[in-house]
Amino acid sequence: MTSQDARQYAAATERNREPILEILLNVLPHSGTILEIASGTGEHAVYFADKFKDCGWLPTDVNPQARASIVAWTKHYGCKNVYPPLELDATESVWIVENQTATGLLNNSPIVAIININMIHISPWSACLGLMAGAGRILPVGGVLYLYGPFKVDGEHTAASNVAFDEYLRAQNREWEVRNLDDVIAAAKAEHLTLKQTYQMSANNLSVVFERTAKKI
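The following block contains the structure:
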């Protein structure tokens with residue numbers, strides 16, 4: 042890697058990408074555009090996009106260094122179905138992908154699913170609410186929202202390591218914490234997103250799958 046190489050690395054990606062992919066292959070559509078919120082380094086985007094060759098993969102991140110990393114990883118692997126990353130803040134009341142100019146860049150391939158990996162515990166609660174609201178606005182009926190990360194179940198941590206992790210998060214930022222799954226489900230339900238399935242993952246994480254069941258009236 043040269044000093045000018047913008048690629049960033051996240052150690053967790055290499056550990057979790059295969060288990061996540063196994064779930065995604067079963068729950069995501071295999072055509073249309075997959076919108077990834079908070080794509081981070083872009084390592085997930087290029088890895089998953091290669092396995093969803095009939096889909097367009099649209100990465101996003103608020104951080105310009107992350108977006109530069111996504112571009113660099115896409116170029117490194119020569120990914121043909123990964124769109125240039127967009128700057129997107131989940132808390133915004135209107136996302137850039139709702140803009141006609143932005144959607145025109147998707148080659149008339151509608152967004153059919155949204156994935157979000159390891160974001161809501163290192164963001165304010167408003168980011169989770171914004172994620173649900175955005176998914177509610179954008180996804181068609183039957184569209185999928187996929188989340189991955191640590192969660193409390195029935196208000197309780199699922200492992201001692203998650204207790205320590207939660208304490209660490211709160212020490213970093215008082216608005217960060219391991220979220221209670223029931224609260225996340227309730228936020229999703231308010232946007233007509235219905236819980237379809239949860240999957241126990243490695244390192245005491247969960248995959249949580251929602252489906253858009255009805256349009257708002």
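Following my numbering from start to finish, the sequence shown increments by one per residue and tops out at 258.
Even for Gly, the Cβ is constructed at its ideal location relative to N, Cα and C.
Return the Cβ separation of L172 and A131 in integer angstroms, given the expectation that the two are a contact with Cβ distance under 8 angstroms. Stepping through the sequence shown from its first residue, residue 172 is reached at position 131. Stepping through the sequence shown from its first residue, residue 131 is reached at position 90. About 5 angstroms separates the two Cβ atoms, so the contact holds.
Own chain, CB closer than 6 angstroms to C120, minus 5 neighbours either side, in chain order: Counting from 1 along the sequence shown, the entry for residue 120 is found at position 79. Around C120, the same chain offers V87, A90 as residues with beta carbons nearer than 6 angstroms, after the five sequence neighbours per side are excluded.
Indicate whether V185 and A228 have their beta-carbon atoms separated by less than 8 angstroms. Counted from its first residue, the sequence shown places residue 185 at position 144. Counted from its first residue, the sequence shown places residue 228 at position 187. Between V185 and A228, the C-beta spacing is not below 8 angstroms.
For P151, the nearest candidate out of Y209, N140, H117, V68 (CA to CA): As a first step, residue 151 must be located in the sequence shown, where it is residue number 110. Measuring C-alpha to C-alpha distances from P151 to each of Y209, N140, H117, V68 identifies N140 as the nearest.
Taking V68 as part of the alpha helix (DSSP H), name the residues at either end of that continuous run. Stepping through the sequence shown from its first residue, residue 68 is reached at position 27. Element bounds for V68: 52 to 68.
Cβ-Cβ separation, P126 to P100 (assumed contact under 8 angstroms), whole Å: Numbered from 1 along the sequence shown, position 59 holds the residue referred to as residue 100. Numbered from 1 along the sequence shown, position 85 holds the residue referred to as residue 126. That belief holds up - the Cβ atoms of P100 and P126 are roughly 4 angstroms apart, short of 8 angstroms.
Just to confirm my understanding: we take I137, look at its own chain, exclude 5 residues before and 5 after, and list those with CB closer than 6 angstroms. What are they? As a first step, residue 137 must be located in the sequence shown, where it is residue number 96. Cβ within range, chain order: L127, L129, A143.
Give me the Cβ distance between R215 and K193, rounded to the nearest whole Å; I'm assuming they're in contact under 8 angstroms. If you number the sequence shown from 1, residue 215 lands on position 174. If you number the sequence shown from 1, residue 193 lands on position 152. About 17 angstroms separates the CB atoms of R215 and K193; that is not less than 8 angstroms, and the two are not in contact.
R48 vs H117 beta-carbon contact at 8 angstroms: Within the sequence shown, the letter at position 7 stands for residue 48. Within the sequence shown, the letter at position 76 stands for residue 117. Yes. Within cutoff.
Taking DSSP's pairing of strands, which residues face P100 in a bridge? Sequence index remark: in the sequence shown, residue 100 carries index 59 (1-based). Paired residue(s): E77.
Collapsed DSSP secondary structure at G196 in the structure displayed: Within the sequence shown, numbered from 1, the residue matching residue 196 stands at position 155. DSSP places G196 in coil when its eight states are reduced to three.
T239 lies in the beta strand (DSSP E); which residues open and close that run? Along the sequence shown, one-based indexing puts residue 239 at 198. T239 -> beta strand (DSSP E) spans 234 to 241.
Suppose you measure from the CA of W166 to the CA of W217; what does that come to, to the nearest Å? Counted from its first residue, the sequence shown places residue 166 at position 125. Counted from its first residue, the sequence shown places residue 217 at position 176. Each residue's Cα considered, the two are about 8 angstroms apart.
What runs of the alpha helix (DSSP H), each 4 residues or longer, lie entirely inside the stretch 137 to 207? Segments of the alpha helix (DSSP H) lying fully in the stretch 137 to 207: 141 to 145, 166 to 179.
In angstroms with no decimal places, state the Cα-to-Cα distance between L170 and N203. By one-based count along the sequence shown, residue 170 stands at place 129. By one-based count along the sequence shown, residue 203 stands at place 162. Straight-line Cα distance between these residues: approximately 22 angstroms.
S248 - DSSP class collapsed to helix/strand/coil: In the sequence shown, residue 248 corresponds to position 207, counting from 1. Collapsing the DSSP output to three states places S248 in a strand.
DSSP beta-bridge partners of R253: Within the sequence shown, numbered from 1, the residue matching residue 253 stands at position 212. R253 has L234 as its beta-bridge partners, per DSSP.
Please report the distance separating the alpha-carbon of L66 from that of S72. Taking the first residue of the sequence shown as position 1, residue 66 is located at position 25. Taking the first residue of the sequence shown as position 1, residue 72 is located at position 31. Going from the Cα of L66 to the Cα of S72 covers about 12 angstroms.
So the candidates are P181, S110, G196; which of them puts its Cα closest to the Cα of N224? Your numbering for residue 224 matches position 183 in the sequence shown. Per the sequence shown, the amino acid found at residue 224 is Asp instead of Asn. Relative to the Cα of D224, the nearest Cα in the group P181, S110, G196 belongs to G196.
To the nearest angstrom, report how far apart D46 and Y124 are at their CA atoms. For this step, residue 46 is matched to residue 5 along the sequence shown. For this step, residue 124 is matched to residue 83 along the sequence shown. Roughly 19 angstroms separates the two Cα atoms.
Would you report the Cα separation of A79 and N159, rounded to the nearest angstrom? Residue mapping note: residue 79 aligns to position 38 of the sequence shown, counting from 1. Residue mapping note: residue 159 aligns to position 118 of the sequence shown, counting from 1. A direct Cα-Cα distance of roughly 8 angstroms separates A79 from N159.
Answer yes or no: does any C-beta atom of chain D fall closer than 8 angstroms to that of G196? In the structure shown, chain D does not exist; there is a single protein chain.
Out of curiosity, what's the CA-to-CA distance linking A113 and N122? Along the sequence shown, read from residue 1 onward, the residue named residue 113 stands at position 72. Along the sequence shown, read from residue 1 onward, the residue named residue 122 stands at position 81. Going from the Cα of A113 to the Cα of N122 covers about 14 angstroms.
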